[in-house]
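Encoded as structure tokens, the structure appears first; notes follow it.
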Amino acid sequence: MVPFSILDLSPVAEGSTVRQSLEASARMALKAEEFGYKRFWLAEHHGMPGIASAATSVVIGHVGAATKRIRIGSGGIMLPNHSPLVIAEQFGTLEALFPGRIDLGLGRAPGTDMRTAQALRRNLEAGANSFPNDVVELQQLLDTPVENQAILAVPGNGSHIPIWLLGSSLYSAQLAGMLGLPYAFASHFAPDMLLDAIAIYRDRFQPSATLDKPHVMVGVMGAVAATDEEARYHFTSAQQQFVNLRRNVRGPFPRPVADMGDFWSPMEKMNVEHTLRYAVVGSPKTAEAKLTEFLQETQADEVIISMPIHDIEARLTSVELFAGLGNFMRAAA
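Each residue of the sequence shown is one higher than the one before, starting from 299 at the first, in the working numbering.
Below, the structure written as structure tokens:
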């Protein structure tokens with residue numbers, strides 16, 4: 299069994315509003331629940347006009363209220379931006395509202411540019427360096443309180459919300475293994491260290507009270523449509539977004555274009571295609587072949603899919619078509 303999940307950033311599509319973006323996330327979560335996805339996660343980013351999920355715990359509550367069964371959570375909360383106590387209270391509240399459905403994925407990157415990160419957490423160096431201690435503190439706050447415990451997360455204590463570590467380098471792989479936590483690698487935008495990180499995590503994994511063996515989730519970006527040409531057309535929005543990121547051009551999530559040739563330089567094209575080399579883009583047949591190869595290479599326990607598609611109807615179609623690939627993977631397993 300290789301469960302499929304979805305990572306959403308509530309993209310603010312060119313020509314739409316933040317409200318419409320959040321409504322689209324709720325529709326996407328409903329579609330994911332209908333077609334058997336395991337989780338629907340939202341990511342924390344700040345200062346980006348094309349992303350509406352900055353207040354991540356609030357948006358998780360929004361999609362939780364729209365759904366009934368699918369697990370919901372963060373992919374991830376950038377813990378150095380927050381105190382562990384605040385996150386324990388926020389996610390403890392979510393667990394009280396949606397019992398048994400909440401996941402807490404944690405990252406240590408700022409999820410933004412350095413100036414915005416400074417405004418978020420004031421002391422950048424201390425935030426990153428204290429990440430391991432903050433993770434352990436957060437675990438304790440979500441655990442059953444001990445006698446005379448000085449600081450309580452209310453809500454939060456005793457909730458035992460599953461914690462995941464997220465990463466795009468070897469650092470979190472080592473920490474996740476040491477703490478015996480499930481691990482998700484951001485191969486959808488940082489592919490270079492994927493296989494090394496998985497190997498280190500599995501090799502150094504120490505069983506814990508929450509997990510007895512390694513559990514790896516890998517990320518892919520994707521767009522599945524009726525034809526390869528249509529899928530490639532929709533995926534040009536993501537390609538433009540990555541070029542704009544490197545150019546430091548901030549704006550809404552771009553409309554797709556018929557031809558990227560006039561948009562990017564040869565060097566930009568090479569860099570973006572390298573960054574997105576694990577992307578699953580095409581018809582169901584093409585996507586199936588790409589995804590099969592990726593799973594054989596990683597031997598992952600789960601796949602989480604980001605679908606950066608401008609048009610919400612095309613995005614919902616992609617959710618449905620990806621689910622068909624998931625059924626194939628489960629049958630093949």
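Heads up, the beta-carbon is just placed ideally off N, CA and C, and yes, glycines get one too.
All figures in this text were calculated on a predicted structure; none of them were measured in a lab.
In the structure shown, the three-state DSSP call for residue 481 is strand. Within the model, the alpha-carbon separation for residue 332 versus residue 620 is close to 13 Å. DSSP, reduced to helix, strand and coil, places residue 408 outside both helices and strands of the structure shown, so it counts as coil. For residue 515, the enclosing beta strand (DSSP E) has its first and last residue at 514 to 522. Ranked by Cα distance from residue 538, the first of 529, 551 and 527 is 551.
Taken in chain order, the whole beta strand (DSSP E) runs of length 3 or more contained in the stretch 355 to 396 are 369 to 376. The C-beta distance from residue 484 to residue 465 rounds to 7 Å, short enough to fall under 8 Å.
For residue 381, the closest alpha carbon among the candidates 322, 404, 370 and 459 is that of 404. Listed in chain order, the beta strand (DSSP E) runs fully inside the stretch 438 to 467 are 461 to 465, counting runs of at least 3 residues. Here residue 427 is exposed: its Cβ has fewer than 16 other Cβ atoms, across all protein chains shown, within 10 Å. Residue 379 counts as buried, since no fewer than 16 other beta carbons sit within 10 angstroms of its beta carbon.
With a contact defined as Cβ atoms closer than 8 Å, residue 309 and residue 606 qualify at about 6 Å. The C-beta distance from residue 313 to residue 549 rounds to 12 Å, too long to meet the 8 Å contact threshold.
Residues 436, 439, 440, 451 and 454 of the same chain have their beta carbon placed closer than 7 Å to that of residue 386, with the five preceding and five following residues left out of the count. The criterion of a C-beta distance shorter than 8 Å is not satisfied by residue 406 and residue 489. With respect to the C-alpha of residue 512, the residue from 351, 471, 354 and 388 having the closest C-alpha is 471. Of 371, 610, 542 and 389, the smallest CA-CA separation from residue 563 is found for 542.
Short of 6 Å from the beta carbon of residue 478, and not among the five residues preceding or following it, lie these beta carbons of its own chain, in chain order: 504, 505, 506 and 509. Residue environment analysis places residue 393 among the buried positions, since at least 16 neighbouring C-beta atoms fall within 10 angstroms of its C-beta.
When only Cα atoms are considered, residue 411 and residue 345 end up about 8 Å apart.
About 4 Å separates the beta carbons of residue 415 and residue 408, which is inside the 8 Å limit, making them a contact pair. Taking residue 580 as the centre and dropping the five residues before and after it, the same chain places the C-beta of 526 and 529 closer than 6 Å to its C-beta, in chain order.
Spatial neighbours of residue 531 in its own chain (CB-CB distance under 6 Å, excluding positions within 5 residues in sequence) are listed in chain order as 554. Annotation: residue 413 to residue 342 spans about 16 Å, alpha carbon to alpha carbon.
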